[in-house]
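First up is the structure itself, then whatever we jot down about it.
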Amino acid sequence: MSYQNILLDVAGGVATLTINRPDKLNALNALTLNEMEHAFDHCAKSESVRVLIVTGAGEKAFVAGADIKELSTMTPLIAKELAYRGQQVLARVEHMGKPTIAMINGFALGGGLELALACNLRTAATTARLGLPEVSLGIIPGYGGTQRLSRVAGPSVAREWILTGDQFSAEEAHRVGVVNRIFPPAELRAGTMKLVDSMLSRGPVALRFAIEAINRGSNIPQREGEILECDLFGLAASTEDMREGMAAFLEKRKPSFKGK
Ligand code: COA
3 MSYQNILLDV AGGVATLTIN RPDKLNALNA LTLNEMEHAF DHCAKSESVR
53 VLIVTGAGEK AFVAGADIKE LSTMTPLIAK ELAYRGQQVL ARVEHMGKPT
103 IAMINGFALG GGLELALACN LRTAATTARL GLPEVSLGII PGYGGTQRLS
153 RVAGPSVARE WILTGDQFSA EEAHRVGVVN RIFPPAELRA GTMKLVDSML
203 SRGPVALRFA IEAINRGSNI PQREGEILEC DLFGLAASTE DMREGMAAFL
253 EKRKPSFKGK
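By the numbering used here, the letter at position 125 of the sequence shown is numbered 127, and the numbering carries on one by one without gaps.
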């Protein structure tokens, strides 16, 4: 599949999906969402992909939001469909079952921050600016931002960010837990790859179960989440990866996981 608005590169178990409309600061239009959905599905299924990095082309923007030109003429029914569609595509990356990292290289605004929030982890260049500016356009976040920002950084941060519509520095985003790590721009890729390398060395099935326990567990009562954890813990004990991981520890060697 050849794409117009994204690039997908796979090497050494790592897929890098780059949103590639730098002249529009990588804004998410309908075609871009379709292509992202296709790429997310491919990465979910492909055995050569163990970790996904999502980033933006150029030095200025990760993604500066949903495409305001497309939004500007929407009727209420179309607006509902657009929000639903964006949420559907971001759910694909959230539930991919493999570690995903948003590598925020510049503006991550509106739908751009919402995309980053749907990834498991976020790294950012110290020059990045983040925010949910929808209220300054007379709308509210529609790609899950009102729900995920609270879950990632707490309701107090979500209220401040969404109600002010302000842009925040990467340092502030890191301080309040919206991003996991920040790096000078020239070190963003290498710093992100350190996180990736850790995850590449771990058991793929264990990573999948851990992601599922955290994602599903954050939406149900804690005791239910703990029972889910018991079930997935039990299931992990059925894997070759568990036997290999524990044998490697006891034999004082590095494990060689097969993802089985
Ligand atoms: N949708 C569509 N086009 C966008 C866009 C978006 N979300 N964000 C930027 N662009 C386009 C601009 O219209 C401009 O296109 P043009 O050259 O054809 O006029 C181009 O990208 C460059 O943006 P520009 O505004 O000139 O850059 P800037 O450096 O002056 O400002 C931002 C950068 C990010 C502050 C500014 O582009 C912005 O506020 N964007 C919208 C952010 C937003 O509200 N996102 C939420 C959408 S729901």
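From the three backbone atoms N, C-alpha and C, an ideal C-beta is built for every residue, glycine too.
Report task. Over the uninterrupted beta strand (DSSP E) stretch that includes THR75, give me the two end residues. Result -> Taking the first residue of the sequence shown as 1, we reach residue 75 at position 73. DSSP places THR75 in no beta strand (DSSP E); its state is neither H nor E.
Requested in this report: Compare the Cα-Cα distances from VAL53 to each of ALA208, LYS82, VAL198 and GLY261 and report the closest residue.
Outcome: Working through the sequence shown from its first residue, we reach residue 53 at position 51. The shortest C-alpha separation from VAL53 is found at VAL198.
**Report entry** the region 215-228 contacting the region 53-69, beta-carbon criterion three pairs below 8 Å
**Finding:** no
Query raised in the report: Which residues in the same chain have their Cβ closer than 7 Å to the Cβ of LEU115, if we skip the five residues on either side of it in sequence?
Result: Within the sequence shown, numbered from 1, the residue matching residue 115 stands at position 113. LEU132, GLY133, LEU134 and GLY147, listed in sequence order.
Query raised in the report: Just to confirm, are ASN107 and LEU190 a CB contact at a threshold of 8 Å?
Result: Within the sequence shown, numbered from 1, the residue matching residue 107 stands at position 105. Within the sequence shown, numbered from 1, the residue matching residue 190 stands at position 188. The answer is yes: Cβ separation under 8 Å.
Query raised in the report: Closest by CA to SER258, which one among MET98, VAL207 and GLY193?
Result: Here residue 258 corresponds to residue number 256 of the sequence shown, with the count starting at 1. The shortest CA-to-CA distance from SER258 to any of MET98, VAL207 and GLY193 is the one to VAL207.
Query raised in the report: When the Cβ atoms of the region 95-102 are set against those of the region 40-54, are three or more pairs found closer than 8 Å?
Result: yes
Query raised in the report: Leaving out five residues before and five after GLY88 in sequence, what residues of the same chain have Cβ atoms less than 7 Å from its Cβ?
Result: Here residue 88 refers to the residue found at position 86 when the sequence shown is read from its first residue. The residues are LEU35, ALA68, GLY113, GLY144 and TYR145.
**Report entry** Helix, strand or coil at THR34 [DSSP, three-state]
**Finding:** Position 32 of the sequence shown, counting from 1, holds the residue named residue 34. Here THR34 sits in helix by DSSP.
Query - Option in VAL154, LYS82, GLY205 and PHE170 with minimal Cα separation from THR129 - result: Translated into the one-based positions of the sequence shown, residue 129 becomes position 127. It is PHE170.
Query raised in the report: Should ASP168 be listed as close to the ligand COA, given that the test is whether its C-beta is under 7 Å from any heavy atom?
Result: Mapped onto the sequence shown, residue 168 falls at position 166. No; taking the cut-off as 7 Å, the Cβ of ASP168 has no heavy atom of the ligand COA nearer than that.
Requested in this report: Taking only runs that begin and end inside the region 7-68, name each unbroken beta strand (DSSP E) of 3 or more residues, in chain order.
Outcome: 8-13, 16-21, 53-58 and 63-65
Query raised in the report: If you measure from each residue's Cβ to the nearest non-hydrogen atom of the ligand COA, which ones come out under 7 Å, in chain order?
Result: ASP25, LYS26, LEU27, ALA29, LYS62, ALA63, ALA66, GLY67, ALA68, ASP69, ILE70, LYS71, LEU73, PHE109, LEU111, GLY112, GLY113, PRO135, GLU136, SER138, LEU139 and ILE141
Query - Helix, strand or coil at GLY227 [DSSP, three-state] - result: Position 225 of the sequence shown holds residue 227. In this structure, GLY227 counts as helix in the three-state DSSP scheme.
Report task. Sort ARG150, ARG204, ILE164 and ASP11 by Cα distance to LEU256 and report the nearest one. Result -> For the purposes of this step, residue 256 is identified with residue 254 of the sequence shown, where counting begins at 1. With the sequence shown as reference, residue 256 is identified as Lys, and Leu is not the correct amino acid for it. Nearest of ARG150, ARG204, ILE164 and ASP11 to LYS256, Cα basis: ARG204.
Query raised in the report: Any contact of the region 169-188 with the region 236-250, i.e. 3+ C-beta pairs under 8 Å?
Result: No, the region 169-188 is not in contact with the region 236-250.
Query raised in the report: By Cβ distance below 8 Å, which residues in the same chain neighbour ARG23 in space, the five residues on each side in sequence not counted?
Result: In the sequence shown, the residue the question calls residue 23 occupies position 21. Cβ within range, chain order: ASN7, ALA29, ASN31, THR34 and ALA59.
Report task. State yes or no: is the C-beta of ASP243 within less than 8 Å of the C-beta of LYS260? Result -> Against the sequence shown, residue 243 aligns to sequence position 241. Against the sequence shown, residue 260 aligns to sequence position 258. Against a cut-off of 8 Å, the Cβ pair of LYS260 and ASP243 comes out as a contact.
Report task. Could you tell me which of ARG225, ALA41, ASN221 and LYS100 sits nearest to PHE211, measuring between CA atoms? Result -> Taking the sequence shown and counting its residues from 1, one reaches residue 211 at position 209. Checking every option, the nearest Cα to that of PHE211 belongs to LYS100.
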